[in-house]
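From first to last, the protein sequence lines stand for chains A and B. Just so you know, our numbering puts 210 at position 210 of the first sequence, and the rest follows in order with no gaps. Just so you know, our numbering puts 761 at position 361 of the second sequence, and the rest follows in order with no gaps. Ideal Cβ placement from N, Cα and C applies to all residues, glycine included.
Protein chains: 2
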Amino acid sequence: MTADAARFLADLHELRRIGAFKTGVHRPTYSPQDMESREWLMRKMAEVGLEPEMDGVGNVIGRHKGPGPHLLAGSHIESQNEAGWLDGALGVMGALALARAGLPVDVIAFADEEGHFDAGFLGSRSAIGDISEEEIADARNRTDGTPLPEALKAAGLAGRPRMLLDPARYKGYFEMHIEQGTTLESAGERVGVVTGIVAIWQFRLVFEGRQDHAGGTTMAERRDAGLSAVRLLAEIDREFPRVCGPRSVWTTGRITLDPGAPSIIPGRAEVLFQFRDVSVEVLERMEACLRRLAQESDRREKCPVRVEAISKAVPALCDPTMMDALSAAAEAKAPGQWRRMPSGAGHDAQVVAQIMPAAMLFTPSIGGISHHWAEDTKEEDLALGIEVLADGAARYLAVG
Amino acid sequence: MTADAARFLADLHELRRIGAFKTGVHRPTYSPQDMESREWLMRKMAEVGLEPEMDGVGNVIGRHKGPGPHLLAGSHIESQNEAGWLDGALGVMGALALARAGLPVDVIAFADEEGHFDAGFLGSRSAIGDISEEEIADARNRTDGTPLPEALKAAGLAGRPRMLLDPARYKGYFEMHIEQGTTLESAGERVGVVTGIVAIWQFRLVFEGRQDHAGGTTMAERRDAGLSAVRLLAEIDREFPRVCGPRSVWTTGRITLDPGAPSIIPGRAEVLFQFRDVSVEVLERMEACLRRLAQESDRREKCPVRVEAISKAVPALCDPTMMDALSAAAEAKAPGQWRRMPSGAGHDAQVVAQIMPAAMLFTPSIGGISHHWAEDTKEEDLALGIEVLADGAARYLAVG
């Protein structure tokens with residue numbers, strides 16, 4: 001099985017013109033640029049013989065007209081603000097290349113994988129039946145607060161039905177994506193066969209102290225919520241390496257001291273903290289460590305801390321047979337220049353994996369730049385990627 | 401010498417009605433409420449026989465018409481937003497009570513001691529000749545960015561001359577103020593004779609890292625500016641007690657991680673850090689410690705830190721003869737229920753002290769609440785305060 005790499009690259013470059021920003025793109029979900037790219041995609045699908053359809057949240061699917069067994073392949077087509085040209089677009093154009101090559105593939109572009117709206121994985125969750133009308137009614141744009149129903153109406157999607165994927169139709173789901181890290185690049189490798197997608201466990205740590213004048217309050221009298229937060233974060237930094245897995249990561253993305261003035265002792269501190277791993281056991285160990293450190297903090301500090309779980313996703317393991325097919329293809333096309341590796345970022349594949357076998361392929365990321373207009377992959381690596389994906393998909397269809 | 405404590409309390413309660421907010425007041429500098437209180441003050445000054453005048457930055461002075469030697473007494477009349485009824489108002493009404501009692505006192509209300517505009521101590525610095533027209537032209541409101549010249553124009557002050565205090569006219573400056581801490585309350589004491597006003601040294605600590613995706617970047621690859629900031633702040637917390645003085649304080653008022661999103665490793669962190677002491681030697685030791693810890697941080701961390709001094713004020717020591725006069729008055733009126741203590745907060749007295757002897761008297765603060773509408777002092781302590789102030793001022797006039 002071979003894919004037409006030149007056409008695949010030409011498609012990517014054509015799509016990159018819609019919402020172009022410097023060398024990247026700006027296509028936030030349901031923006032005019034995003035809707036233009038969805039319409040463009042439907043025309044492309046029709047060109048390669050698929051039956052295109054857009055649903056009530058903007059999911060675009062192009063259905064293969066022939067008999068099964070079918071594969072589902074794709075990703076998402078909207079971008080983060082002023083972000084890279086590949087990201088989700090790569091997986092959708094890759095899926096289109098599979099269909100063009102004659103494989104029995106339904107091509108899908110899930111809406112809002114990037115989470116411009118706070119529902120999270122809106123399109124893929126809707127497509128597997130994992131989101132309610134209430135949740136859609138309550139969701140808002142994270143940047144400007146626009147209610148999701150209003151945005152859907154403005155995009156002309158109000159009243160359309162939402163599609164439901166039928167697991168019986170598919171043998172599995174393939175998603176190609178840029179790595180969003182430097183593991184492949186650092187090792188001089190060109191293809192990553194993804195073993196699983198890490199789960200993100202997000203927490204809000206809230207410290208309650210007492211707001212006081214920074215001049216009139218002695219160190220002994222203070223209940224400085226910011227200082228308690230700093231001490232706990234320093235403890236986490238020391239203790240997490242003892243409990244984490246080899247690829248675990250943890251991140252403090254925001255620290256808010258209230259009121260945030262130079263001469264006022266913070267009466268409240270709020271920390272956004274998250275960790276990621278592909279193993280539930282490791283995630284549970286990290287949470288237990290976090291809660292133990294919070295307890296120790298409460299014994300030591302004058303400002304109690306509340307640990308609030310915001311979200312605890314389930315890690316998704318990739319299907320072993322699909323991984324084997326991709327590995328065999330990678331070894332055939334790029335011997336010794338590929339590896340198996342987890343995905344540190346979230347992807348629609350983790351949602352789809354809840355209803356069918358799923359697997360992912362990574363292309364290297366130049367300098368690991370992600371969610372920024374400078375994001376890029378060498379064209380020869382993109383071309384190799386589509387060859388491995390097509391060969392892997394054909395191998396998988398051939399087994400069992 | 402006795403002051404009319406009942407009239408003094410009645411004045412305070414009358415003033416509290418202007419801009420009343422819950423049990424406190426809201427009189428930001430040059431707001432209609434603030435300007436109303438300045439006009440009210442000028443009428444009060446005339447009532448007690450002073451010659452009132454308002455200058456080009458809103459300083460209000462009521463000059464004693466008789467012969468010297470004169471004292472200057474006062475504080476400020478604007479408030480922090482939604483703040484307490486005493487704060488600066490106490491010192492101005494206290495000064496008015498001295499004039500009413502017949503002492504040769506000029507009463508002054510300096511404008512914007514609270515620093516609504518970023519010039520800092522605008523009124524008192526202007527009155528000692530320590531602020532240029534350029535600085536006034538460049539100053540802005542910290543909350544809404546309004547240029548100071550625009551605010552002065554709106555308040556009807558444009559074009560008025562700015563007053564200059566003549567040190568030759570005064571034997572010294574007295575300022576009464578609420579403690580803004582719990583030292584007196586905790587000890588069951590009722591009067592504080594201030595020994596000096598601590599200086600605030602303010603710094604901005606800027607950490608430069610690399611913004612990356614929190615999923616795709618391993619812990620080893622990261623250059624997390626927020627984590628470097630947390631580690632340095634934890635070090636400061638451990639090391640400062642070794643170099644500080646008995647009443648030193650240090651405060652982190654704000655931590656800003658950039659971009660501040662849950663799934664993005666902060667590429668930049670900015671910390672507002674300050675410390676205060678009454679001794680330059682201690683302040684210099686603390687700064688040396690901060691810079692040593694920053695150097696160690698640079699050796700240890702992947703994110704370099706820049707230590708930027710925002711402001712380094714000079715501590716003001718109170719005049720020993722004035723302190724002795726206040727101490728004798730305190731011992732006479734409240735034997736064993738007073739102490740000498742530094743002021744942790746900044747006051748106009750530290751500016752005035754640059755051109756004449758200055759001293760301050762503290763009343764206890766209930767619960768140490770400051771810059772909040774709940775700020776309060778027991779009425780019996782307010783009454784005692786004005787008696788000690790009047791007696792102390794008379795004793796000081798009698799010496800030398």
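**Message:** On the DSSP letters alone, give me the boundaries of the alpha helix (DSSP H) that S124(A) sits inside.
**Reply:** Translated into positions along the first sequence, residue 124(A) becomes position 124. 122 to 127 is the span of the alpha helix (DSSP H), which, as asked, contains S124(A).
**Prompt:** For S727(B), which residues of its own chain have a beta-carbon under 6 Å away from its beta-carbon, when the five flanking residues on both sides are left out?
**Reply:** Against the second sequence, residue 727(B) aligns to sequence position 327. Excluding sequence neighbours, S727(B) sits near V593.
**Item:** Three-state secondary structure assigned by DSSP to A109(A)
**Value:** Counted from its first residue, the first sequence places residue 109(A) at position 109. Strand, per DSSP.
**Message:** On the DSSP letters alone, give me the boundaries of the alpha helix (DSSP H) that D487(B) sits inside.
**Reply:** Translated into positions along the second sequence, residue 487(B) becomes position 87. Start and end: 487 to 500.
**Message:** Within 10 Å of its beta-carbon, does V280(A) have 16 or more other beta-carbons around it, so buried, or fewer, so exposed?
**Reply:** Reading the first sequence from its first residue, position 280 is the one you call residue 280(A). Answer is exposed; the Cβ neighbour count stays below 16.
**Prompt:** In whole angstroms, what separates the C-alpha of I786(B) from that of F408(B)?
**Reply:** On the second sequence, residue 786(B) is found 386 positions in, with the first residue counted as 1. On the second sequence, residue 408(B) is found 8 positions in, with the first residue counted as 1. Using only the alpha carbons, I get a separation of about 8 Å.
**Asked** If you check the beta carbons only, do F574(B) and A783(B) fall under 8 Å apart?
**Response** Within the second sequence, the letter at position 174 stands for residue 574(B). Within the second sequence, the letter at position 383 stands for residue 783(B). No, Cβ-Cβ distance for F574(B) and A783(B) is not below 8 Å.
**Request:** Tell me whether the beta-carbon of T195(A) lies closer than 8 Å to the beta-carbon of P342(A).
**Result:** By one-based count along the first sequence, residue 195(A) stands at place 195. By one-based count along the first sequence, residue 342(A) stands at place 342. Taking 8 Å as the Cβ cut-off, T195(A) and P342(A) qualify as a contacting pair.
**Request:** Select from the segment 194 to 217 of chain A all residues with a C-beta closer than 8 Å to any C-beta belonging to chain B, and list them in chain order.
**Result:** V198, I200, Q202, Q211, D212, H213, A214, G215, G216, T217
**Spatial neighbours of D411(B) in its chain, beta-carbon cut-off 8 Å, leaving aside the 5 residues before and after** = Looking up residue 411(B) in the second sequence gives position 11. Excluding sequence neighbours, D411(B) sits near K444, M493, L496, A497.
**Message:** Per the DSSP calculation, I265(A) is bridged to which residue(s)?
**Reply:** For the purposes of this step, residue 265(A) is taken as residue 265 along the first sequence, with counting starting at 1. Looking at the DSSP output, I265(A) sits in a beta bridge with D212(A).
**Item:** Euclidean distance between Cα positions of F110(A) and V307(A)
**Value:** For the purposes of this step, residue 110(A) is taken as the residue at position 110 of the first sequence. For the purposes of this step, residue 307(A) is taken as the residue at position 307 of the first sequence. Answer to the nearest angstrom: the Cα atoms are 33 Å apart.
**Prompt:** Hey, is T582(B)'s beta-carbon within less than 8 Å of any beta-carbon in chain A?
**Reply:** Within the second sequence, residue 582(B) is the residue found at index 182, counting from 1. For T582(B), the answer is yes, since a Cβ of chain A falls inside 8 Å of its Cβ.
**Request:** Quick one: residues in its chain with C-beta nearer than 6 Å to the C-beta of F207(A), no 5 flanking neighbours on either side, listed in chain order?
**Result:** By 1-based counting over the first sequence, the position of residue 207(A) is 207. Around F207(A): A225, S228, A229, A269, C303, V305.
**Message:** Taking 8 Å as the threshold (beta carbon to beta carbon), is L164(A) in contact with chain B?
**Reply:** As a position in the first sequence, residue 164(A) is number 164, starting the count at 1. So, not an interface residue.
**Request:** Compute the Euclidean distance between the alpha carbons of E533(B) and K553(B), then round it to the nearest angstrom.
**Result:** Translated into the one-based positions of the second sequence, residue 533(B) becomes position 133. Translated into the one-based positions of the second sequence, residue 553(B) becomes position 153. Going by the C-alpha atoms only, they are around 15 Å apart.
**Request:** With DSSP as the reference, label K65(A) as helix, strand or coil.
**Result:** Within the first sequence, the letter at position 65 stands for residue 65(A). The answer is coil: DSSP assigns K65(A) none of H, G, I, E or B.
**Message:** Taking the straight line between their C-alpha atoms, what separation do you get for I77(A) and S697(B)?
**Reply:** Position 77 of the first sequence, counted from the first residue, corresponds to residue 77(A). Position 297 of the second sequence, counted from the first residue, corresponds to residue 697(B). If I take the Cα positions, the gap works out to 42 Å.
**Request:** Mind reading off the beta-carbon distance from E189(A) to R339(A)? Whole number of angstroms is fine, and I expect it under 8 Å.
**Result:** Residue numbering aside, residue 189(A) sits at position 189 when the first sequence is read from its first letter. Residue numbering aside, residue 339(A) sits at position 339 when the first sequence is read from its first letter. Rounded, the Cβ-Cβ distance is 6 Å, consistent with contact.
**Asked** Beta-carbon of H476(B) versus every beta-carbon of chain A: anything under 8 Å?
**Response** Within the second sequence, residue 476(B) is the residue found at index 76, counting from 1. Using a Cβ-Cβ cut-off of 8 Å, H476(B) does not count as an interface residue toward chain A, since no Cβ of chain A sits closer than that to its own.
**Asked** Closer than 9 Å, Cβ to any Cβ of chain B: which residues of the segment 250 to 270 of chain A, in chain order?
**Response** W250, T251, T252, G253, R254, I255, T256, L257, P259, G260, A261, P262, S263, I264, I265, P266, A269
**Item:** Close-in-space but distant-in-sequence residues of the same chain around D407(A) (CB under 6 Å, 5 per side omitted)
**Value:** The displayed coordinates of chain A run from 1 to 400. Any statement about residue 407(A) would go beyond what the structure contains.
**Request:** Starting from the Cα of I255(A), find the closest Cα among I355(A), V249(A), P266(A) and give me that residue.
**Result:** For the purposes of this step, residue 255(A) is taken as residue 255 along the first sequence, with counting starting at 1. The shortest C-alpha separation from I255(A) is found at P266(A).
**Item:** Contacting positions in the segment 444 to 473 of chain B - beta carbon closer than 9 Å to chain A
**Value:** none
**Asked** Between A745(B) and chain A, is there a C-beta pair that is closer than 8 Å?
**Response** In the second sequence, the residue the question calls residue 745(B) occupies position 345. Yes, its Cβ sits closer than 8 Å to a Cβ of chain A.
**Prompt:** So which residues on chain B does M219(A) lean against when the C-beta distance must stay under 7 Å?
**Reply:** Within the first sequence, residue 219(A) is the residue found at index 219, counting from 1. Residues of chain B passing the Cβ test: V649.
**Exposed unless 16 or more other CB atoms sit within 10 angstroms - verdict on E51(A)** = By 1-based counting over the first sequence, the position of residue 51(A) is 51. With fewer than 16 Cβ atoms within 10 Å of its Cβ, E51(A) is classed as exposed.
**Residues of the segment 78 to 103 of chain A with Cβ closer than 9 Å to any Cβ of chain B, in chain order** = none
**Secondary structure of S628(B), DSSP reduced to three states** = Looking up residue 628(B) in the second sequence gives position 228. Looking at S628(B) - three-state DSSP - the assignment turns out to be helix.
**Prompt:** To the nearest whole angstrom, what separates the beta carbons of D106(A) and H70(A), a pair I think is in contact under 8 Å?
**Reply:** Taking the first sequence and counting its residues from 1, one reaches residue 106(A) at position 106. Taking the first sequence and counting its residues from 1, one reaches residue 70(A) at position 70. Yes, D106(A) and H70(A) are in contact; Cβ-Cβ is about 6 Å, under 8 Å.
**Request:** Flag L272(A) as yes if its beta-carbon sits less than 8 Å from any beta-carbon of chain B, otherwise no.
**Result:** Position 272 of the first sequence holds residue 272(A). Yes, contact with chain B.
**Request:** Classify K65(A) as buried or exposed, calling it buried when 16 or more other Cβ atoms lie within 10 Å of its own Cβ.
**Result:** In the first sequence, counting from the first residue as 1, residue 65(A) sits at position 65. So K65(A) ends up on the exposed side.
**Message:** Using beta carbons (cut-off 8 Å, strictly below), is R300(A) in contact with chain B?
**Reply:** As a first step, residue 300(A) must be located in the first sequence, where it is residue number 300. It does not: the Cβ of R300(A) has no partner Cβ on chain B nearer than 8 Å.
**Request:** Within 10 angstroms of the Cβ of V191(A), are there 16 or more other Cβ atoms? Answer buried if so, exposed if not.
**Result:** Stepping through the first sequence from its first residue, residue 191(A) is reached at position 191. It counts as buried.
**Beta-carbon gap between R599(B) and D677(B) smaller than 8 Å** = Within the second sequence, the letter at position 199 stands for residue 599(B). Within the second sequence, the letter at position 277 stands for residue 677(B). Note that residue 599(B) is Ala in the sequence shown, not Arg. Their beta carbons are under 8 Å apart, which means A599(B) touches D677(B) by this criterion.
**Request:** Could you spell out the range, first to last residue, of the alpha helix (DSSP H) harbouring L290(A)?
**Result:** Locating residue 290(A) in the first sequence gives position 290, where the first residue counts as 1. Taken as a continuous stretch (DSSP letters only), the alpha helix (DSSP H) holding L290(A) covers 280 to 300.
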